[in-house]
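This report concerns only the one structure given below.
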Amino acid sequence: MALGFGYFYIFHKNSIMYRIADFTNDLPIALPHTVAGLALLLAFGRKSFGFVGPTGLAFTLLAVSLAMFFVSYPLAARTISSTIDEIEKETIDVARTLGDSPSKAYRRVVIPMLSEAIFSAFILAFSRSLSEFAAVIMFGGNVPGMTQVLASYVFTKVEEGETGMAVTASAFCVLISLVLVLILRLRGKWGASLIKEVSSKLKLPGRSKKNA
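For the sequence shown, position 197 matches number 208 in the working numbering, and the numbering has no gaps at all.
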């Protein structure tokens, strides 16, 4: 979905569909996540508003996944779009002048240049979903062995007075976070060099002469 957002960001930035997608992308970031979880519960729970109907999704593993996706997807979409801003427009124009359709140009030119951004978007989204608590509790519940995630496990252990277990789980979370941040730092440097390298190879001849 983040790649689809990137496609519309390049070729249909002024379309109504893109503006709606862009607006809805910002909602999970601005909303309190308890409200986001409640919105998912009302939309997909047993007693929904009616436009979806009873789905049976609430308090299941699928509900946990959906809640995590809802709060983490905007980070992936913004990572893709910000990387696209670093790609020179002339690079895409080369493929278009050679007869490629927008979708083909996006697939053959842009996506290969987004390989590092896609990886970073995945890591960021995964990190955000791993830390999510409120939306997961509201929509997926906190059933041990079923819908309980690491964040809700820590909360439960603190409530039960088992501080040692909570600290152990928290230390595991910190370790995972450190590894993910380290990976992002290393891959980010490679990604920037990749964009510059591919862009220089695909510049229009006229532009190169002008710069020379």
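Ideal placement from N, C-alpha and C gives every residue a C-beta, glycine not left out.
Bear in mind that the values here come from a model prediction, so they are computed numbers and not experimental data.
* Asked: Thinking C-alpha only, which one of VAL147, ILE95, PHE144 and ALA50 is nearest ALA132?
  -> Reading the sequence shown from its first residue, position 121 is the one you call residue 132. It is ILE95 whose Cα lies nearest to the Cα of ALA132.
* Look at GLY152 and PHE80 and say whether their C-beta atoms are less than 8 Å apart. => As a position in the sequence shown, residue 152 is number 141, starting the count at 1. As a position in the sequence shown, residue 80 is number 69, starting the count at 1. Judged by their CB atoms, GLY152 and PHE80 are not nearer to each other than the 8 Å cut-off.
* Asked: Helix, strand or coil: which one does DSSP assign to ILE98?
  -> Here residue 98 corresponds to residue number 87 of the sequence shown, with the count starting at 1. Looking at ILE98 - three-state DSSP - the assignment turns out to be coil, as it is neither helix nor strand.
* To do: Go ahead and pull the three-state DSSP assignment for VAL190.
  => By 1-based counting over the sequence shown, the position of residue 190 is 179. VAL190: helix per DSSP, three-state reduction.
* Buried versus exposed call for GLY17 [16 or more other C-beta atoms within 10 Å across all chains shown] -> Sequence index remark: in the sequence shown, residue 17 carries index 6 (1-based). Buried, since its Cβ has 16 or more Cβ neighbours within 10 Å.
* Asked: Roughly how many angstroms lie between the CA atoms of LEU224 and PHE166, to the nearest whole one?
  -> An answer regarding residue 224 cannot be provided, because it is not within the stretch 12 to 223 covered by the chain.
* Asked: Relative to the C-alpha of ASP37, which residue among PHE19, THR45, ALA128 and SER83 is closest?
  -> On the sequence shown, residue 37 is found 26 positions in, with the first residue counted as 1. Closest option to ASP37, Cα to Cα, is SER83.
* Pick helix, strand or coil for SER26, following the three-state DSSP scheme. => Sequence index remark: in the sequence shown, residue 26 carries index 15 (1-based). Reduced to three states, the DSSP call for SER26 is coil.
* Asked: Roughly how many angstroms lie between the CA atoms of VAL120 and VAL190, to the nearest whole one?
  -> On the sequence shown, residue 120 is found 109 positions in, with the first residue counted as 1. On the sequence shown, residue 190 is found 179 positions in, with the first residue counted as 1. For VAL120 and VAL190, the gap between their C-alpha atoms comes out near 31 Å.
* Asked: Using a C-beta cutoff of 8 Å, does GLY156 count as contacting chain C?
  -> The structure shown contains no chain C, having only a single protein chain.
* Asked: Which one of THR102, LEU86, ALA177 and SER92 has the shortest CA to CA distance from PHE19?
  -> Counting from 1 along the sequence shown, the entry for residue 19 is found at position 8. Of THR102, LEU86, ALA177 and SER92, the residue nearest in Cα terms is SER92.
* Exposed unless 16 or more other CB atoms sit within 10 angstroms - verdict on THR102 -> The count along the sequence shown starts at 1 and reaches residue 102 at position 91. Classification for THR102: buried.
* Asked: Can you find at least 3 beta carbon pairs, one from the segment 135-153 and one from the segment 45-52, that sit closer than 8 Å?
  -> yes
* Grab me the residues of MET176's own chain with a C-beta within less than 6 Å of its C-beta, minus the 5 sequence neighbours each way, in chain order. => As a first step, residue 176 must be located in the sequence shown, where it is residue number 165. Closer than 6 Å at the Cβ level, and outside the excluded window around MET176, lie LYS168.
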